[in-house]
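Student:
Protein chains: 2
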Amino acid sequence: MDIVFKAINDPTRREILRFLTHGPQNAGMIAQQFNMTKPSISHHLDLLKQAQLVDFSKKGQFLVYTLNKSGFESIHAWFQPFTLFFELPKPKIRL
Amino acid sequence: MDIVFKAINDPTRREILRFLTHGPQNAGMIAQQFNMTKPSISHHLDLLKQAQLVDFSKKGQFLVYTLNKSGFESIHAWFQPFTLFFELPKPKIRL
DNA sequence: TTTATATTTAAATATTTGTTTAACTATTTA
DNA sequence: TAAATAGTTAAACAAATATTTAAATATAAA
Chain A
1 MDIVFKAIND PTRREILRFL THGPQNAGMI AQQFNMTKPS ISHHLDLLKQ
51 AQLVDFSKKG QFLVYTLNKS GFESIHAWFQ PFTLFFELPK PKIRL
Chain B
1 MDIVFKAIND PTRREILRFL THGPQNAGMI AQQFNMTKPS ISHHLDLLKQ
51 AQLVDFSKKG QFLVYTLNKS GFESIHAWFQ PFTLFFELPK PKIRL
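Right, here's the structure in full:
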């Protein structure tokens, strides 16, 4: 659980996630997009992978990364009680 | 924006938020609940306050903390595109 | 006005984190 | 097979973070 929040704490990782909503990309394209060294991007992708926010598959010499629903479901599950708290306040009187 | 993600990264702060869904509490009660020193809780509350996830008001010698909708709205705004991505995939064929 | 209570602020420290350079593995192309 | 390309892993280090103890501020009670 903790790992998901750690993953989305970093601004670069959040940008990577946003970038991947446009479709699957390999690590090189991502590194290029963010003007950052490959090892750094690789490290960020590893954390996102641990958090199950991204997944990857090997296509030849490329690693293609995609968004992974699991991690986002974890965030949603955590967030749910608060949406209830704010959007559905308990009625003041019992019907 | 960053501050909200930093705030919810820490497990103690997430527990504090959850605790506050049960209603407003003063800092002492929170510190007691989490078996942690007051300065530490005070620091966590300060971060949550900066992230606009909590708010407080002074009641005599007590500071009463409550959840603050603003911070949660920031999280929701960030999360929105991903819920769209996963729940509303683009149709494979054009109608 | 003195004492007690509630909480924050400050200073110090150990741990975690993001980044870089250098070295390594795997795949493709010549 | 040799050279090039894509990406990761390892080592090193500066910056950020959570926690603690001690000191400070503010309100309430005696």
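Line by line, the protein sequences give chains A and B.
Those letters in the first sequence? Residues 1 to 95, per the working numbering, in order.
Those letters in the second sequence? Residues 1 to 95, per the working numbering, in order.
Positions of the beta carbon are idealized from the N, C-alpha and C atoms, including for glycine.
Predicted model, so just to flag it, every value in this text is computed and none were measured.
1) Whose CA, out of A:32, A:1, A:78, A:19, lies closest to the CA of residue 66 of chain A?
2) Tell me the DSSP secondary structure of residue 63 of chain A in three-state form.
3) Closer than 8 Å, Cβ to any Cβ of chain A: which residues of the stretch 15-29 of chain B, in chain order?
4) What are the residues in the stretch 32-58 of chain B lying within 7 Å of chain A by C-beta distance?
5) With a threshold of 16 other CB atoms inside 10 Å of the CB of residue 22 of chain B, please say whether the residue is buried or exposed.
6) Taking 8 Å as the threshold (beta carbon to beta carbon), is residue 62 of chain A in contact with chain B?
7) Could you tell me the boundaries of the alpha helix (DSSP H) in which residue 72 of chain A lies?
8) Cβ atoms of residue 53 of chain B and residue 72 of chain B: under 8 Å apart, would you say?
9) Pull up the distance between the alpha-carbon of residue 11 of chain B and that of residue 81 of chain B, whole angstroms please.
10) Starting from residue 16 of chain A and walking both ways along the alpha helix (DSSP H), at which residues does that stretch end?
11) 8 Å is my cut-off, CB to CB: does residue 75 of chain A come that close to chain B?
12) When the Cβ atoms of the stretch 39-47 of chain B are set against those of the stretch 49-64 of chain A, are three or more pairs found closer than 8 Å?
13) Output yes if chain B places a C-beta closer than 8 Å to the C-beta of residue 8 of chain A; else output no.
14) Judging by CA-CA distance, which residue of B:48, B:46, B:17 is the nearest neighbour of residue 33 of chain B?
15) Report all residues from its chain with a CB closer than 8 Å to the CB of residue 14 of chain A; omit the five preceding and five following residues, and keep chain order.
16) Within 10 angstroms of the Cβ of residue 61 of chain B, are there 16 or more other Cβ atoms? Answer buried if so, exposed if not.
17) Taking the continuous alpha helix (DSSP H) assigned at residue 32 of chain A, which residues delimit it?
Tutor: With the given structure in hand:
1) A:19
2) strand
3) 17, 18, 21
4) none
5) exposed
6) no
7) 69-87
8) yes
9) 25 Å
10) 11-20
11) yes
12) no
13) yes
14) B:17
15) 8
16) exposed
17) 27-33
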